[in-house]
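Each remark here refers to the structure printed beneath this line.
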Amino acid sequence: SIPSLGHPVLEQRTPPIVMGSAITFGAIAATTLTSTGATVITGDCGTCPGTGITGFGAGAGVCTGSIDAGNTAACNAEADCLTAYNDAAAKVNTNTLTATDLGGLTLDPGVYIFPTSNAALSTTLTLNGTSNANGQFIFQIATTFSASATTSQVVLIGGAQACNVYFIVGSSAT
């Protein structure tokens with residue numbers, strides 16, 4: 007007989023989502039990127055092939071990186087992001103959430119899907135990497151995602167990393 011070399015920690019790992027040139031972007035969109043308030047996006051912000059970027063600047067939303075509208079950097083990042091999006095959207099869900107609001111939840115790494123087509127974040131979502139600091143948190147949302155409340159935030163604990171958090175939104179995120 008052949009011995010099994012399986013290890014529980016190795017078996018729980020999902021192949022990483024590869025972001026390519028989109029890795030420096032906090033937000034990238036195909037047509038329009040709009041801030042409607044005190045949005046803070048860490049990283050570059052861009053659109054391609056569209057060029058509409060509004061609501062950033064004095065007294066409005068903040069983009070900590072460069073703002074790229076329809077240029078080569080944005081177009082390359084949008085193409086790489088689309089590839090990563092399709093990869094993350096194809097992951098098999100490991101958890102079905104029974105409520106549409108992520109607020110008040112503490113979650114371990116996994117692929118989360120919603121019983122309805124939309125989702126919201128009204129307060130704090132805590133992502134706990136204690137079981138796997140390299141684990142990914144993938145949220146597959148069929149249509150809309152709203153995190154527009156002033157109390158909306160994602161907190162990472164137990165070694166969870168921002169580079170392993172993905173919200174796969176079908177139509178719009180606010």
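Per our numbering, the very first residue in the sequence shown carries number 7; after that it's consecutive.
All C-beta atoms, glycine included, are put in the ideal place defined by N, C-alpha and C.
Selection Ser72, Thr57, Gly49, Phe31 evaluated against Thr38 yields Thr57 as nearest (Cα-Cα). Under DSSP, Ile119 shares a beta bridge with Thr102, Gln146. Between the segment 124-143 and the segment 163-171, the count of C-beta pairs closer than 8 Å reaches three or more; the two stretches touch. Around Gln146, the same chain offers Ala94, Ala95, Lys97, Asn99, Val117, Tyr118, Ile119, Phe120, Ile174 as residues with beta carbons nearer than 8 Å, after the five sequence neighbours per side are excluded.
According to the DSSP assignment, Cys51 belongs to the beta strand (DSSP E) that extends over 50-53. Annotation for Asp107: no alpha helix (DSSP H) segment contains it, and DSSP assigns it neither H nor E. When secondary structure is reduced to three states using DSSP, Ser178 falls in the strand class.
Annotation for Asp114: no alpha helix (DSSP H) segment contains it, and DSSP assigns it neither H nor E.
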